[in-house]
Amino acid sequence: MGEWKCKKCGYTVKEETPPEECPFCKEKCEFVDVTCYIPDCGKTGSDNRLA
Ligand SMILES: [Zn+2]
Numbered sequence: 002m003g004e005w006k007c008k009k010c011g012y013t014v015k016e017e018t019p020p021e022e023c024p025f026c027k028e029k030c031e032f033v034d035v036t037c038y039i040p041d042c043g044k045t046g047s048d049n050r051l052a
């Protein structure tokens, strides 16, 4: 299970693959893989893709 974050609004979804359409924006947004880069994961390393 991966975690994907909408580049536009920051909405995250937990799916194996990113959704075609952001549930929040209702648009085809670009999603970045934030799996294990989020604080909840327990890892503290920052990822510049989240900036
Ligand atoms: Zn979005």
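Mapping the sequence shown onto our numbering, position 49 (from 1) lands on 50, and the numbers just tick up by one.
Even glycine gets a Cβ: it sits at the ideal position worked out from N, Cα and C.
Inset, instruction - Measure the Cβ-Cβ separation of K6 and F32 and say whether it is below 8 Å. - result: If you number the sequence shown from 1, residue 6 lands on position 5. If you number the sequence shown from 1, residue 32 lands on position 31. The answer is yes: Cβ separation under 8 Å.
Inset, instruction - Using the Cα positions of K8 and C23, report the straight-line distance between them to the nearest angstrom. - result: The residue you call residue 8 lines up with position 7 of the sequence shown. The residue you call residue 23 lines up with position 22 of the sequence shown. K8 and C23: Cα-Cα distance of roughly 10 Å.
Legend entry - Proximity below 8 Å, CB of G3 to CB of E16: In the sequence shown, counting from the first residue as 1, residue 3 sits at position 2. In the sequence shown, counting from the first residue as 1, residue 16 sits at position 15. Closer than 8 Å, so yes.
Inset, instruction - Please classify C30: is it buried, with 16 or more other beta-carbons within 10 angstroms of its beta-carbon, or exposed? - result: Taking the first residue of the sequence shown as position 1, residue 30 is located at position 29. Looking at its Cβ environment, which holds 16 or more other Cβ atoms inside 10 Å, C30 is buried.
Inset, instruction - Look at the alpha carbon of C37 and the alpha carbon of T18, and state the distance between them as a whole number of angstroms. - result: One-based indexing of the sequence shown puts residue 37 at position 36. One-based indexing of the sequence shown puts residue 18 at position 17. Whole-angstrom Cα-Cα distance: 15 Å.
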